[in-house]
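K.L.:
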Amino acid sequence: MKSITALNDLFILYLLGNEENEDLLVSFINGVLLDSKFTTIHSAKVKNLVNIKKYRFDKETVLDIKAVDNNNRLYDIEIQVRDEKSFAQRSLYYWARLYATQIKQKETYTTLHPVICINLVNFKMFPDATKIHSCFMLLEKDNPEYLLTDHLEMHFIELKKYIQPGLVEAHLDKWLTFFKYEGKEEDKMTLLLNNDPEIRKAHSLFKKFNNDERLRDKALRREIWQLDYNTGLDEAMQEGIQKGKLEGKIEDAKNFKRLGVTVDIISKATGLSIVDIEKL
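When the count follows the working numbering, it moves up by one through the sequence shown with no breaks and lands on 285 for the last residue.
#1: Between Asn148 and the rest of its own chain, which residues show a CB-CB distance below 8 Å, the 5 nearest in sequence each way excluded?
#2: Under DSSP, the alpha helix (DSSP H) around Gln94 begins and ends at which residues?
#3: What's the call for Glu203, buried or exposed, on a 16-neighbour Cβ count within 10 Å?
#4: How would you label Val31, buried or exposed, when you count the other beta carbons within 10 angstroms and need 16 or more for buried?
#5: Alpha carbon to alpha carbon, how far is Asn200 from Ala241? Give it in angstroms, no decimals.
#6: Would you report the Cα separation of Arg205 and Leu197, rounded to the nearest angstrom?
#7: Given a cut-off of 8 Å, decide if Lys185 and Lys129 are closer than it, judged by their beta-carbon atoms.
#8: Using 8 Å as the threshold, is the region 7-17 in touch with the region 26-41, meaning 3 or more CB pairs across them?
#9: Within this structure, are the beta carbons of Ile46 and Asp81 separated by less than 8 Å?
#10: If you draw a straight line from the C-alpha of Ile246 to the C-alpha of Glu283, how long is it?
#11: Does the Cβ-Cβ distance between Leu225 and Lys254 come in under 8 Å?
#12: Looking only at C-alpha atoms, which of Asn35, Ser41, Leu79 and Val37 sits nearest to Asn53?
#13: Does DSSP put Asn124 in a helix, in a strand, or in coil?
#14: Put Tyr186 into one of helix, strand or coil per three-state DSSP.
#15: Who pairs with Phe161 in a beta bridge, going by DSSP?
#16: Could you name the residues of the same chain whose beta carbon sits closer than 8 Å to that of Val37, not counting the 5 residues immediately before and after it, in chain order?
#17: Got a sec, what are the start and stop residues for the beta strand (DSSP E) Ala293 sits in?
#18: Confirm, please, whether the CB-CB distance from Pro119 to His156 is below 8 Å.
#19: Nearest-angstrom Cα distance between Cys140 and Glu158?
#20: State yes or no: is the C-beta of Phe16 within less than 8 Å of the C-beta of Phe214?
#21: From the DSSP output, in three-state form, read off Glu83 for me.
#22: What do you get for Asp40, buried or exposed, if any count of 16 or more other CB atoms within 10 angstroms of its CB means buried?
#23: When DSSP labels each residue in this structure, what does His47 get in the three-state scheme?
#24: Roughly how far, in whole angstroms, is the beta-carbon of Glu187 from the beta-carbon of His208, given that I think they are within contact range, below 8 Å?
Written as structure tokens, this is what we have:
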């Protein structure tokens with residue numbers, strides 16, 4: 006029986022987007038906030054509750070989790086396994102959409118609350134940086150101590166950079182260990198499962214999800230689609246590269262012919278056949 010990974014977005018919705026597991030949602034959010042030295046929250050409610058078994062997801066559906074905390078701050082939590090070059094812009098768009106939809110007709114800007122985006126990505130978004138967790142806010146360029154507003158807060162956590170420490174003591178580390186190693190390297194989970202009730206609950210839910218044939222089938226179908234999509238993108242990119250190389254060789258051959266270079270030399274220089282060069 007093939008199991009899904011703990012990074013499957015359908016499982017994440019099952020784990021953190023369920024009102025029965027709001028303690029885990031609070032724990033994960035607090036892990037992110039503590040790592041950025043921000044004040045933690047006491048409670049959070051999921052705003053987009055979904056019955057996963059009954060809901061029909063399109064393959065392209067973005068399964069993010071929207072929540073509100075005890076201070077009325079809004080959260081958008083998303084897991085991204087596919088390396089998208091425009092992911093930063095996409096995340097900013099989701100922030101803007103969630104921020105703007107707060108205002109109802111006849112309400113004023115004073116009713117707006119901060120929106121915090123938390124993105125757990127399974128690729129190196131900032132390859133030149135060693136930090137695993139980056140947080141972006143609206144700061145003055147030359148005086149970063151001046152914060153324009155705390156209404157924009159965007160977190161990017163790069164799981165590819167994460168290596169489990171000997172002792173998992175930091176709050177965020179325990180969640181990163183879970184997401185990276187659950188179902189794959191159980192030995193790395195042992196200490197957490199023995200000592201952390203929240204991770205034990207998450208582990209139990211992971212097992213329960215995988216044992217539910219209907220849920221597991223839905224999740225595996227999404228993983229297969231994502232793999233096929235990535236493969237298609239890669240093949241299209243490689244095809245484009247090869248096409249570009251061929252077009253470059255043809256252009257070089259045309260230039261060589263204009264200069265009076267012999268066909269056999271052009272063939273050796275470009276790799277094009279003599280027959281093809283003579284047709285140019």
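Ideal Cβ placement from N, Cα and C applies to all residues, glycine included.
The structure displayed is predicted, hence computed values, not measured ones.
P.N.:
Working from what's here:
#1: For Asn148, same chain residues with a beta-carbon under 8 Å away, outside a window of 5 residues either side, do not exist.
#2: Unbroken alpha helix (DSSP H) run through Gln94: Phe92 to Ala105.
#3: So Glu203 ends up on the buried side.
#4: The Cβ neighbour count for Val31, taken over all protein chains shown within 10 Å, is at least 16; the residue is labelled buried.
#5: Per-residue confidence for Ala241 stands at a pLDDT of 44, beneath the threshold of 50, marking its modelled position as unreliable; no derived number is given.
#6: Taking the straight line joining both Cα atoms gives about 8 Å.
#7: With respect to Lys185, Lys129 sits apart: the two C-beta atoms are not nearer than 8 Å.
#8: Contact between the region 7-17 and the region 26-41 is absent: fewer than three C-beta pairs spanning the two stretches fall below 8 Å.
#9: No, the pair does not count as a contact, with Cβ atoms beyond the cut-off.
#10: With a pLDDT of 46 at Ile246, under the threshold of 50, the modelled position of this residue cannot be trusted, and the question is left open.
#11: Contact flag unset, no.
#12: Closest by C-alpha distance to Asn53, out of Asn35, Ser41, Leu79 and Val37, is Leu79.
#13: Three-state DSSP puts Asn124 in a strand.
#14: Secondary structure of Tyr186 (DSSP, three-state): helix.
#15: Under DSSP, Phe161 forms a beta bridge with Asn124 and Ser139.
#16: Ile123, His138, His160, Ile162 and Leu177.
#17: Nothing in the structure corresponds to residue 293, since the chain is present only between 6 and 285.
#18: Yes.
#19: Roughly 7 Å between the two C-alpha positions.
#20: Yes, the pair counts as a contact, with Cβ atoms nearer than the cut-off.
#21: If DSSP states are grouped into helix, strand and coil, Glu83 belongs with the strands.
#22: With 16 or more Cβ atoms within 10 Å of its Cβ, Asp40 is classed as buried.
#23: Reduced to three states, the DSSP call for His47 is coil.
#24: That belief holds up - the Cβ atoms of Glu187 and His208 are roughly 7 Å apart, short of 8 Å.
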